Each structure stands twice: as C-alpha cells, then as structure tokens.
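Following: one structure in structure tokens, then a few remarks.
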Amino acid sequence: MTDNFNICIIGAGAVGCAIAQQLSKYELNVCVIDKEEDVCSGTTKANSAIVHAGFDAVPGTLKAKMNVRGAELIRQLSKTLDFQYKQNGSLVLCFDENDMPKLNELYERGIKNGVSELSIISGDEARKLEPALSDKVVAALLAKSAGIVCPFGMTFAFAENAAANGVQFRFLTEVSDIKADGNGYVISTNKGDIKAKYVVNAAGVYSDRLHNAVLDDKIKIIPRRGEYVLLDKDTGDLVSHTVFQLPTKYGKGVLVTPTVHGNLLVGPSADDIDDREDTQTTAAGTVSVKERALMSVPDIPYNKTITGFSGVRAHLDSGDFIIGETKDGFFDAAGVESPGLTAAPAIGEYLALMIVKKCGAKKKDNYISTRKNIPHVAELAPDERTKLIKQNPKYGNIICRCENISEGEIVDAIHRVPGAVSLDGIKRRVRQGMGRCQAGFCTPAAIAILARELKIDEKDVAKNRPGSEQIKESL
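In the numbering used here, the protein residues as written are 581 to 1055.
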C-alpha cells in the first residue's frame, strides 16, 4: 500500500523541521521522514549552537541571505515557540597587524550583507569586553547581533509546532530510491512506498544521494567532521561573547563560546572523511582543538572537561547552499553546512513560500502559532515550582541530579508529539544525562521510565536507534 501526501520532506534535522513548520501554516498534507529514530539525530545534534551574525558569507550568496534572515527569525521564533536563545554577541580575533585587511574584509562583507551593529575594535577594547582574551589580540570584529541557541530545543520546537498543525513524522524510515511518476514522485523506503506531489530534500550529508537519484546534474557532498570539547557549567562565564579566530579555507576556525545552558564549548576541528556516519572523537582532534583555542583564551580550565563529541557536516566545493526547485516538484536544501543552523528558519520560509506559490495552497484559519516548552523545575520560581509539583508530583522527583531534571520532565518529553522513544531523545529534550556525570547516575531510572511509559521491556530501551539497547542478556 502506498501512502499519499502533498509534500514529503526527507530529513528531520533543523532544516527539515523548519520547512515543515512553515508549510504547516497551509492547507497541505505534509510528512517528514528520517532514517533515525527521532528528530535532530544527524548534523543538528552536534554543532556549535551559534546564531551567526552574517558577516562571513560572500555577499549575494544564498548563505549570506539565509544567514541574516535566519538570525532575525530565530530571535522572533524563540519567543513564539519558546526555545532558549541569547543574543550574546561575537568577536572575531585578529592576532597580527598584517592580518587587518582580512578583518576589514569581514567587516565589509557584513555591511554588504546587511548585518547591523558591526564594528572593528582594538585589542584593548576587546579585552575590556572579555578580560580572559589573549594579550596577543590586536583587534577584533564585534558583532552585537550574534547569538547562541540550543540546537535541540529549536529543532524540537519546529517539529512540535509542525505536528500540532497536522504534519506527520515517520522515523526509522530510510529512502532507497526516488522516481518521478508523471504526477509527482514515488519514494521507496524500508517501510513501503510514499507518493508525494512534491519532495523536499533536506537529508544533510546524504542530500547528494537523493539529488543524484533525481537529477542528471550530479553533486557531491564531502563529509566534514568537527570535534568539540565541552566543559562543566562552572566554566561558562569565562567568556560572555562567542569568540572566533579569523577564518581559514576550512571554516571559521576554533571558537570558544558559552552555551545557553551555562557550559563552555570549544571547537570544532575540520577533517574531511569518507564515512558519513563517523562521529568518533580522536586524541589528535581533541589535542588540536584544545591547543588552537588557547590562542584566543589562554587559561581555559580543561581539567573541567566533562565530555567530547563530534558531528559531520555536509560540505560542497561550490561554497554555497543549493536551495530551490532543481527539478519539477523536487526541491533541494542540500549542502547546508555552517551557518546552516542559523539559516534553517530562513530556508524553511524560503522553500515554503516557493512550494505554496507553485501549488496554490491557502493559509489555514486554525493555524496554531505558539508552542510551550517543557517546564524545567529547577528554573521555576519557588511558588511556581510548588504549584507544578502539587499538580503533578512527578515534577518533585529528581532523576538527574547534575542537571536537576525531574521525572515529570522526562515523562513530558516522552509524550510530546513527536516524542522521545530513546535515551538520546530524552537527553536532547530535557538534558537528563548531559551534566557532570554524563548519565552515569541516572540512566537506570531513565530506562525504567521509558519502559513504563512506552509499555516495553527495559531490555528493549535503546540509546538511540535499534541495536543500541543498553541492557544485554547475561551469557
């Protein structure tokens, strides 16, 4: 049996979910499919969490346009869809007077791209803003409009708002082929065929494979791995701005930034690899990231490191995103690397308007424009916390001591639509297991809650996709 939709979006990362959220405003039958078990399981789950101001992209490119517009939309959507965002500003550091032309070039790019509140300041002025900066900094580009965001929180907000407005999500659904059939496309998956009038390719590091299955004009994604080091929350105030170094051909270099949750993040590296799923961390990568970050902030307390992680981004040699209708009814959002997270809502807006214009869909009269996040009891005022616990005692039972996450928050994460069905799904929604002990203490309780709420056996609870179950049969 073939399922029929007006639109099928392939990929449930930040870009795919942003497109779904925008399309959910219209009278359309939309589905989002992903080969993983949950939203936000690819590139989106492992990135710098930066809302870039927009001074880096070449003027006139889609990267530049989507970056600046995306930053504007994130500021707006963080309020209506209730996800964490902070406009903390950024600094690009220059360590050599001979490199001032490069810094000036970034400034000029930013002005051409329409970035507001952009200025070049001296090294002394930069150190007044950030006393932890190196004495070797001679100048910096200050972008007050830059920010930081929770990439998980933003993506779940898009997905949940889309689902509330009728978008269907289908996980563990892997595409094997796409073919035009004269009135749309047939998408072959491991769970049967899906028929859609329009297809949106937002498949991240696999976007070239979907593009190449449909178009004669082939593209090639180069998987580029970036490794990060994450420090404990008592280091999060070492810097208040996101601190970049002058970019190289491999990207923006190693950054040092606070996170919206209060940690300190250092990274990424940039290594072109063959395996699109290779998210291992390496000793060499970790050492490189740490050493390069010390150029900017010499006294990073690496003894407070709580974890390292890596992600793989989709690099195209063309240097720009591929966004738009590349074949009749087939829309690409391919090659979306940095500043892809920032650009995601703008890509969603851009493609949604393009699709709606093509199909003539009308806006819904009953569109739900707001969404509320899961309450975090540790951040509530005492009277609000007491009221919530009286309404639901599970919010008074703390499961994750490092992050002060309650049973109520975990249960809420499971029963949202789309909800968590794995340990990683809970972790990314409410941060259970993201603290100092990295889930060493709270995993058994989280497994028990997942099993109870999903009505499955504890041995069937997985870290993420099937095959990553945490309880093994004894030999």
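Glycine included, every Cβ here is placed at the ideal spot set by N, Cα and C. These figures come from a predicted structure and were not determined experimentally.
In terms of alpha-carbon separation, which member of C588, T966, A926, L673 lies closest to Q748?
Here residue 748 refers to the residue found at position 168 when the sequence shown is read from its first residue. Of the candidates C588, T966, A926, L673, the one whose C-alpha sits nearest the C-alpha of Q748 is C588.
Taking T887 as part of the beta strand (DSSP E), name the residues at either end of that continuous run.
Position 307 of the sequence shown, counting from 1, holds the residue named residue 887. Note, T887: beta strand (DSSP E), 885-895.
Measure from the alpha carbon of G806 to the alpha carbon of each residue in P848, A926, A1025, D1040, then state which is nearest.
Counted from its first residue, the sequence shown places residue 806 at position 226. Checked all of P848, A926, A1025, D1040; the closest Cα to G806 is P848.
Determine the extent of the beta strand (DSSP E) in which N586 is found, giving its start and end residues.
Position 6 of the sequence shown holds residue 586. Element bounds for N586: 583-590.
For E857 and A850, what's the separation of their Cα atoms in angstroms?
Residue numbering aside, residue 857 sits at position 277 when the sequence shown is read from its first letter. Residue numbering aside, residue 850 sits at position 270 when the sequence shown is read from its first letter. The straight-line gap from Cα to Cα measures roughly 15 Å.
Minimum length 4: unbroken alpha helix (DSSP H) runs contained in the segment 670-749
Along the length of the segment 670-749, whole alpha helix (DSSP H) runs at least 4 residues long occupy 680-693, 703-709, 731-744, reported in chain order.
Are the beta-carbon atoms of N586 and K771 separated by less than 8 Å?
Residue numbering aside, residue 586 sits at position 6 when the sequence shown is read from its first letter. Residue numbering aside, residue 771 sits at position 191 when the sequence shown is read from its first letter. No, they are not a contact pair.
Among residues of its own chain, excluding the 5 on either side of E1053, which ones have a beta-carbon nearer than 8 Å to its beta-carbon?
Here residue 1053 refers to the residue found at position 473 when the sequence shown is read from its first residue. Cβ within range, chain order: K1039.
With distances taken from CA atoms, which of N972, A742, A793, V672 is nearest P998?
Stepping through the sequence shown from its first residue, residue 998 is reached at position 418. Closest by alpha carbon: A742.
For N1058 and E617, which I take to be in contact (beta-carbon distance under 8 Å), what is that distance rounded to the nearest angstrom?
Because the chain is modelled from 581 through 1055, residue 1058 falls outside the range shown and cannot be assessed.
Is the shortest distance between the beta-carbon of G940 and the beta-carbons of chain C less than 8 Å?
Reference to chain C is not applicable here, since this structure consists of a single protein chain.
Using CA coordinates, which residue listed in S670, F675, T624, Q601 is at the minimum distance from L661?
Working through the sequence shown from its first residue, we reach residue 661 at position 81. The shortest C-alpha separation from L661 is found at Q601.
Just verifying my parser: in three-state terms, what is the DSSP assignment at D992?
One-based indexing of the sequence shown puts residue 992 at position 412. In the structure shown, D992 falls within a helical segment according to DSSP collapsed to helix, strand and coil.
Does L818 come out as helix, strand or coil in the three-state DSSP assignment?
Along the sequence shown, one-based indexing puts residue 818 at 238. Look at L818 here: in three-state DSSP terms it is coil, with no helix or strand label.
Using the three-state DSSP reduction, which class does D1037 fall into: helix, strand or coil?
As a working note, residue 1037 is residue 457 in the sequence shown. If DSSP states are grouped into helix, strand and coil, D1037 belongs with coil.
Taking DSSP's pairing of strands, which residues face L845 in a bridge?
Within the sequence shown, residue 845 is the residue found at index 265, counting from 1. The partner list for L845 (beta bridge, DSSP) reads L810, T837.
In whole angstroms, what separates the C-alpha of C939 from that of N781?
Taking the sequence shown and counting its residues from 1, the one referred to as residue 939 is at position 359. Taking the sequence shown and counting its residues from 1, the one referred to as residue 781 is at position 201. Going from the Cα of C939 to the Cα of N781 covers about 18 Å.
I want to know whether the segment 880-890 touches the segment 808-815 - three or more CB-CB distances under 8 Å.
Result yes; three or more Cβ-Cβ pairs closer than 8 Å.
Within the continuous beta strand (DSSP E) that includes V610, where are the two ends?
Here residue 610 is taken as the residue at index 30 of the sequence shown, counted from 1. Run containing V610: 610-613, per the beta strand (DSSP E) assignment.
Leaving out five residues on either side along the sequence, give the residues of the same chain with a beta carbon under 7 Å from the beta carbon of H821.
Locating residue 821 in the sequence shown gives position 241, counting from the first residue. Counting only Cβ-Cβ distances below 7 Å, and skipping sequence neighbours, we find N668, G669, S670, L671, L709, E710.
Of all the options A926, A726, V846, G1015, which has the alpha carbon lying nearest to the alpha carbon of A873?
As a working mapping, residue 873 is identified with position 293 in the sequence shown. If we check each option's Cα against that of A873, V846 comes out closest.
Sort out for me which residues DSSP pairs G904 with in a bridge.
By 1-based counting over the sequence shown, the position of residue 904 is 324. Partner(s): D912.
Report all residues from its chain with a CB closer than 8 Å to the CB of T866; omit the five preceding and five following residues, and keep chain order.
On the sequence shown, residue 866 is found 286 positions in, with the first residue counted as 1. The answer, listed in chain order, is E807, V809, G888.
Please report the distance separating the alpha-carbon of G640 from that of L752.
As a working mapping, residue 640 is identified with position 60 in the sequence shown. As a working mapping, residue 752 is identified with position 172 in the sequence shown. Their backbone Cα atoms lie some 38 Å apart in a straight line.
I'd like the list of long-range same chain contacts for G591, defined as Cβ closer than 7 Å, with 5 residues on each side in sequence excluded.
As a working mapping, residue 591 is identified with position 11 in the sequence shown. Within the same chain, Cβ atoms closer than 7 Å to the Cβ of G591 are found at D614, A782, A783, G784, the five residues on either side in sequence being excluded.
Among T624, E964, G622, C597, which residue has its Cα nearest to the Cα of C611?
Within the sequence shown, residue 611 is the residue found at index 31, counting from 1. It is C597.
With DSSP collapsed to three states, give me the class of V823.
The count along the sequence shown starts at 1 and reaches residue 823 at position 243. In the structure shown, the three-state DSSP call for V823 is strand.
If we count Cβ pairs, one from each stretch, closer than 8 Å, do we get three or more for the segment 964-976 versus the segment 925-940?
no
Contact belief for G593 with G622 at Cβ below 8 Å, rounded distance in angstroms:
What you label residue 593 is simply residue 13 of the sequence shown in a count that begins at 1. What you label residue 622 is simply residue 42 of the sequence shown in a count that begins at 1. Yes, they are in contact, since the Cβ atoms of G593 and G622 sit about 5 Å apart, within 8 Å.
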